[in-house]
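Peer 1:
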Ligand code: FAD
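Residue numbers (the UniProt record's numbering): 1 to 338.
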């Protein structure tokens, strides 16, 4: 079982800034994030949309904000565990035992739940019985790109993930079709233009329509039927199907952790953002208290106060001093600036 000062559940903006505030106070953190990448809603739901209400940053996209939060925590010794969700959380004396879906176990002095809207899960393809091929021929994420080499691949979706993978795989696979319901793509215009150029060169094709049916042979998927946007239908033969219909949040296992909840959110005090279980804190969209607003800047403030309370909990009897990053040699050393 690995030991750390603090375990942070979720790498959305609140979880990432929590790592920074803990690091400033000399505490190390392990972050468990259900998705393969950090950024939470900012990256999953609006990576390219501008945000206008981050203090002192007049305009920044969701993706850029996440990138800058990551840059800010570079000086600290942080262990990230992506693609794995925290499933169990149990007090063990003054400390906590935390276990993930994949079986990783941690012994930590405090836990900060920054789980936002919950675990994001991929929107699934709604064709009866197709689920049983998940992980074999039907994929909602690319885990091993080499396994797709030389295969006939069909990609469904019209967002950044679908386009990014189409562009990446076009030169590696035997054949590639991108299927989207209309010619309005939700991806970077430059990516759409590159995809159209590849289609014009005959290196992939783009089919407008929706999945309607599929065929199997010897318990293997062999083809998918597309109901074409301009009428009619078409069968596409394939070896591997990649589906990128976006992500939806799911409350996950939080309700089983013995915390006081209010309509799927965790009740906290506003002094330390501590839950009904001492030592477990909750910051960002997942918490609720009188006057709470689900804004990124609320999560930042909550993370700062939670960090002070955690420091006090882990070092009882010592006064936690407020120090400024501008002038404190200790903080500047922790930031790698001295
Ligand atoms: P999230 O961003 O939801 O991140 C939580 C992370 O925790 C997720 O990555 C999730 O996968 C992970 N997680 C959950 N459960 C587990 C588990 N059990 N184990 C491991 N990982 C887990 N706010 C603003 O201030 N300004 C804006 O302009 C703005 N625009 C928005 C536009 C849209 C379209 C949307 C949807 C939201 C917008 N928001 C905006 C709100 C803002 O995105 C949220 O307030 C913010 O993302 C909350 O951050 P968070 O870190 O609390 O949670």
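Glycine included, C-beta positions come from ideal geometry on N, C-alpha and C. Since we're looking at a predicted model, the values are computed, not measured.
Does the distance between the C-beta of residue 9 and the nearest non-hydrogen atom of the ligand FAD fall short of 7 Å?
Peer 2: Yes, since a heavy atom of the ligand FAD falls inside the 7 Å radius drawn around the Cβ of residue 9.
Peer 1: Could you please give me the residues that DSSP links to residue 33 through a beta bridge?
Peer 2: Partner(s): 82.
Peer 1: Is the beta carbon of residue 82 less than 8 Å from the beta carbon of residue 33?
Peer 2: The answer is yes: Cβ separation under 8 Å.
Peer 1: My understanding is that residue 191 touches residue 167, with C-beta atoms under 8 Å, so please give their C-beta distance in whole angstroms.
Peer 2: So it is a contact: roughly 6 Å between Cβ atoms.
Peer 1: Could you give the first and the last residue of the continuous alpha helix (DSSP H) run that contains residue 19?
Peer 2: Note, residue 19: alpha helix (DSSP H), 13-24.
Peer 1: Tell me whether residue 46, by its Cβ, gets closer than 7 Å to a heavy atom of the ligand FAD.
Peer 2: At least one heavy atom of the ligand FAD is nearer than 7 Å to the Cβ of residue 46, so yes.
Peer 1: What is the C-beta distance between residue 21 and residue 35, in whole angstroms, given that I count them as a contact (C-beta under 8 Å)?
Peer 2: The Cβ separation is near 22 Å, so there is no contact.
Peer 1: Give me whichever residues DSSP pairs with residue 155 in a beta bridge.
Peer 2: In the DSSP output, where bridge partners are listed per residue, residue 155 has 178, 242.
Peer 1: What residue ranges within the stretch 90-165 form continuous beta strand (DSSP E) runs of no fewer than 3 residues, ordered along the chain?
Peer 2: Counting whole runs of 3 or more residues, the stretch 90-165 contains the beta strand (DSSP E) stretches 95-100, 105-113, 119-122, 152-156.
Peer 1: Once you ignore the five residues that flank residue 264 on each side, which residues in its own chain have a CB closer than 6 Å to its CB?
Peer 2: Cβ neighbours of residue 264 beyond the five flanking positions: 251.
Peer 1: Is residue 210 near the ligand FAD, going by C-beta to nearest heavy atom under 7 Å?
Peer 2: For the ligand FAD, not one heavy atom lies less than 7 Å from the Cβ of residue 210.
Peer 1: Cβ atoms of residue 179 and residue 153: under 8 Å apart, would you say?
Peer 2: Result no, Cβ atoms of residue 153 and residue 179 do not sit closer than 8 Å.
Peer 1: I need the boundaries of the alpha helix (DSSP H) containing residue 334, first residue and last residue.
Peer 2: Note, residue 334: alpha helix (DSSP H), 329-334.
Peer 1: Just the Cα atoms here: how many angstroms apart are residue 155 and residue 137?
Peer 2: Rounded to whole angstroms, residue 155 to residue 137 spans 12 Å at the Cα level.
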